[in-house]
Amino acid sequence: MRPVSLGRALRLGACGAAAAGLVAVAGATPAFAADTLWINAPSELVLPTAADGGEGEGRIAEVGVYHDIAGYPVTDGRLTVDVSGLAGVARVTWPEQCEAEGTTAVCEFPEVSDDPGESTVDLEVRAVEGARTGATGVITYAATAKGAESPYQPGDVTTSVTVGAGPDLVLGGVPQKREAEKGTTTELPFSVANHGNETADGSILWIHASYGLEFAQRFANCEYTETGGAEYPPATEALCVIDQPLEPGASYVPDAPLSLGVTDHALYERTDLRIEPKTAETLKRARGNRTLDRGEGGTLRLVERPSLKSDDLDMDDNYAVTGITVDNEADLELTGAEVDGRVGETVTAQVKLRNLGPAWIADLFAGERIVTVDVRVPEGTTATGIPANCSPRSLTGGYVEKRIGAPRYVCGSSRWIAEDGSLSFPFELRIDEVVPNATGELTVLGEHWAEYDPEAGNNTAVLVVNGDGSGDGSDGGTTGGGDGTQGGDGGTDDGGTDGTQGGDGGTDDGDTAGTGDAASSTGGSGSGSDDGAAGGTPNGGAGNLALTGAGGAALLGGLAVLAVAVGGGLVLVNRRRAHA
């Protein structure tokens, strides 16, 4: 299946790209091999019946086409939609972009994007009068375009349509982004509407607040728990059981503001909300095996407001994310090492990255590594033990296949670093020739960290081997090798399980870099947190603190929030520095 970026995932929701296969791209020639044309459509759609037996309320099916190769022109896209399989079940209202004849319509796209969310149309589908609960039908798709070929056979791509009855809870009124000041509180508004055709006897509201936020009040009908660990950033979750009926067609808001305290270490934060009709099964799944502490405050209730025009008919509208920007900063400090040794000896040099705060840093949306460190190997030495999260590079930043002996490495940080956390990258260096005061430069890379880092002067350092005492390397070196802390799973150069290859190779300044194999053939060096305050990620490419196109697939009752998108290309948070 064609990989879909995190920045696209939430927008697609249950709509998966109904595609499978591999696309071959010629690597040595400027000409592209045949591009592939994919169809993006929901696999299923549930339609409500009308309470009076008439036509039901419409549901939107977003369908479209896209191709693989970015920058390669694909034109004259035509998506054929066949709704003959909906007879007696549902009907479709066609958008202007589609030309319909009988039960078939052709939707045209003069230019086809490589983004699944761009070359799309919205089909409004509604149950016809007299359609019974449980009735099913099917929509079938086919596509053509110039410059790309479709891999599908007739009938490969379909949307299953079912007429159902039940509540359909929809979250609304949730802002996509907010700004806040540290030490204050910020409100999280939301509304809940029942767009279904049956009453929900109660609801379960799940709220996730990232590490820089805290619940200002803990309601008696909510249970709270702390989440996170080495891989996932810390957070607080609330599970609220609201025992009151939610009528079809009605809309509700909380009877009191939902307030969150903004801590002194907050910077780029997020909240996630999800709501479901209450059933014994959903409540059991939500609680899982976690330890939850009940709040001791008042009761969170919903009050009806004028309406805004299975257990839940449409689960894709039960979830919302808010990105919160806090006026704060985080000072990253890079330190090197000074080591000594004789020819043939192996010394261990520790490269350290520390967050001096006051804010923590994390990529809560794309889930990538937040900063990278560029390491130049000192003259006269060979790197024989390489930290797990470091990729070999040439001096100009190009990709190097062999991990051992590269002249340069780019090391990815974790997904998050606490306000007093640090990371270590221990390098084992074999001394092949004694070069007095041999120096390798260390640099924090990437444009994004500079936006919240108030002190650029401590973002560089050096590794010094056999120094003359005048260098500016720091302690952190040992002779005879060293263990380090293993910073992730991975393989060896001579076999085993490989790590994840990151990125498309380096650039001259190393801004684009990934994570190669997780350990050297010696198995000597790893990378990890000095004090447990930084979360590690075993695999993945180097990243930044981008909060664009991000989001989370919140699993109600899950132990962690997976980062997924709020909408591809949508900037959720505008960064700003806390100083002039």
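Numbered per the working numbering, the sequence shown spans residues 17 to 596.
Glycine included, every Cβ here is placed at the ideal spot set by N, Cα and C.
Should residue i go down as buried or exposed, given a rule of 16 or more other Cβ atoms within 10 Å for buried?
| i | result |
| --- | --- |
| Pro394 | buried |
| Thr351 | buried |
| Ala251 | buried |
| Glu145 | exposed |
| Asp259 | exposed |
| Lys368 | buried |
| Gly357 | buried |
| Gly456 | buried |
| Pro183 | buried |
| Thr611 | Residue 611 falls outside the range modelled here, since the chain spans only 17 to 596, and no answer is possible. |
| Gly265 | exposed |
| Asp280 | exposed |
| Glu435 | buried |
Please report how far the alpha carbon of residue i lies from the alpha carbon of residue j, in whole angstroms.
| i | j | result |
| --- | --- | --- |
| Thr119 | Asp98 | 6 Å |
| Thr459 | Glu349 | 10 Å |
| Thr243 | Thr215 | 33 Å |
| Pro403 | Phe443 | 6 Å |
| Pro111 | Ser135 | 13 Å |
| Ala254 | Arg303 | 10 Å |
| Asp520 | Ala181 | Only weak support is given to the placement of Asp520: the predicted model assigns it a pLDDT of 36, under 50, and the question is left unresolved by the model. |
| Gly153 | Val177 | 5 Å |
| Phe381 | Asn453 | 43 Å |
| Ala378 | Asn474 | 20 Å |
| Ile8 | Arg107 | In the structure as shown, the chain begins at 17 and stops at 596. Residue 8 is therefore absent and cannot be evaluated. |
| Leu411 | Leu479 | 16 Å |
| Trp222 | Phe206 | 12 Å |
| Leu63 | Ala336 | 22 Å |
| Glu73 | Pro191 | 26 Å |
| Arg301 | Ser59 | 24 Å |
| Gly104 | Val186 | 28 Å |
| Ala477 | Gly218 | 58 Å |
| Tyr157 | Glu71 | 25 Å |
| Ile55 | Pro170 | 12 Å |
| Val173 | Thr307 | 43 Å |
| Gly101 | Leu289 | 36 Å |
| Tyr248 | Gly414 | 31 Å |
| Thr96 | Ile433 | 49 Å |
| Ala422 | Gly483 | 22 Å |
| Pro167 | Asp130 | 16 Å |
| Asp309 | Ile220 | 16 Å |
| Ser430 | Thr397 | 27 Å |
| Thr364 | Val355 | 8 Å |
| Glu619 | Thr109 | Look at the range of the chain in this structure, 17 to 596, and you will see that residue 619 is not part of it. |
| Val208 | Gln113 | 32 Å |
| Gly188 | Asn334 | 9 Å |
| Ala600 | Ala151 | Lying before the first or after the last residue shown, residue 600 is absent from the chain, which here runs from 17 to 596. |
| Gln233 | Ile291 | 19 Å |
| Val388 | Val416 | Note on residue identity: the sequence assigns Thr, not Val, to residue 388. Computed Cα separation, rounded: 17 Å. |
| Leu226 | Thr175 | The sequence as given places Ser at residue 226; Leu does not occur at that position. Between Ser226 and Thr175, the C-alpha separation is close to 36 Å. |
| Phe231 | Tyr240 | 10 Å |
| Glu297 | Tyr284 | 35 Å |
Between which residues of its own chain and residue i is the CB-CB distance below 7 Å, once the five residues before and five after are set aside?
| i | result |
| --- | --- |
| Glu115 | Ala121 and Val122 |
| Ala14 | In this structure the chain extends from 17 to 596, so residue 14 is not present and cannot be described. |
| Phe235 | Cys256, Gly311, Gly313, Gly314, Thr315 and Leu316 |
| Glu471 | Asp347 |
| Leu372 | Asp347 and Glu349 |
| Thr65 | Gly72, Ala143, Ala147, Thr149, Val179, Ala181 and Asn213 |
| Glu263 | Asn210 and Thr215 |
| Cys238 | Ala254, Leu255, Cys256, Gly311 and Leu316 |
Using C-beta distances below 8 Å, list every residue in its chain close to residue i, excluding the 5 sequence neighbours before and after it, in chain order.
| i | result |
| --- | --- |
| Asp51 | Val39, His83, Asp84, Ile85, Tyr88, Val90, Gly163, Ala164 and Glu165 |
| Ala161 | Leu53, Val81, His83, Val90, Thr91, Asp92, Gly93, Arg94, Phe125 and Val128 |
| Val359 | Ile447, Asp448, Glu449 and Val450 |
| Leu299 | Ile220 and Val257 |
| Pro261 | Thr215, Ala216, Asp217 and Gly218 |
So, for residue i: in the same chain, excluding its five sequence neighbours on each side, which residues have a beta-carbon less than 6 Å away from its beta-carbon?
| i | result |
| --- | --- |
| Leu274 | Leu204 |
| Thr400 | Ile420, Glu444, Arg446 and Thr538 |
| Thr200 | Val278 |
| Arg392 | Arg424, Gly456 and Glu457 |
| Ala159 | Leu53, Ile55, Val81, Leu95 and Ser166 |
| Asp608 | Not covered by the structure: residue 608. The range shown for the chain is 17 to 596. |
| Would you call the stretch 259-276 and the stretch 307-321 touching, i.e. three or more CB-CB distances under 8 Å? | yes
| field | Contiguous beta strand (DSSP E) assignments of at least 3 residues, all confined to the stretch 189-254 | value | 193-196, 201-203, 207-210, 219-226, 229-231 and 238-243
| message | Does the structure place the stretch 129-145 close enough to the stretch 78-93 that three or more beta carbon pairs sit under 8 Å? | response | yes
| said: My parser needs the beta strand (DSSP E) runs of 3 or more residues fully inside the stretch 69-148; what are they? | reply: 75-83, 91-98, 106-109, 114-117, 120-127 and 136-143
| query | What alpha helix (DSSP H) runs, 4 residues minimum, are completely inside the stretch 245-318? | reply | 296-303
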